[in-house]
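What follows is a short report on a single structure.
Numbering (the working numbering), first residue to last: 141 to 292.
Next comes the structure, spelled out in structure tokens:
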């Protein structure tokens, strides 16, 4: 009676451990799926960073060219240039550059945080699976040990 009862308990324990293992494997698959989604988002963010950087470079070049052309035109047509207008454009350009730099920095920080979270989730899931496999292995050993007849 006791052996049969212990067998049933061990079978239940093994079934529970197997179910926990399946659940952990499912969680791992979900986290891997989330990881691939995060990697895709990461790639999109990097592409956005590159696009914004290129846009910034292009706008700097265009603004420098326009400013140079404007200065040449002013120097030709007007003997006394207006420094207020130039400083206004320079101020607008500096504000736009600062805003773009902040957006790039925020995107990089968000990307790094997502990668850290993904790594933590993956390592946690891997540890859980390892623990559950060990539990299942122990319960199976115990079940096998109890099912063997005693040696006399």
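Idealized CB from N, CA, C, for every residue including glycine.
Item: Check whether residue 251 and residue 185 have beta carbons under 7 Å apart; Value: yes
Item: Close Cβ partners of residue 244 (< 8 Å) along its chain, the five nearest in sequence each way excluded; Value: 189, 192 and 193
Item: Whole-number beta carbon distance between residue 148 and residue 279, since they are thought to touch under 8 Å; Value: Actually they are not in contact, since the Cβ atoms of residue 279 and residue 148 sit about 13 Å apart, beyond 8 Å.
Item: Residue 257, buried or exposed, once every other Cβ within 10 Å from all chains shown has been counted against 16; Value: exposed
Item: DSSP three-state assignment for residue 196, whether helix, strand or coil; Value: helix
Item: Outcome for residue 284 when other beta-carbon atoms lying within 10 angstroms are tallied against a minimum of 16; Value: exposed
Item: Local conformation of residue 275 per DSSP, three classes; Value: helix
Item: Exposure of residue 155, with buried meaning 16 or more beta-carbon neighbours within 10 Å; Value: exposed
Item: Status (buried if at least 16 other CB within 10 Å, exposed otherwise) for residue 175; Value: buried
Item: Local Cβ density within 10 Å of residue 183, reported as buried at 16 or more and exposed below that; Value: exposed
Item: Whole-angstrom distance between residue 281 and residue 166, CA atom to CA atom; Value: 25 Å
Item: Contacting residues, own chain, Cβ-Cβ under 8 Å from residue 287 (five flanking each side not counted); Value: 147
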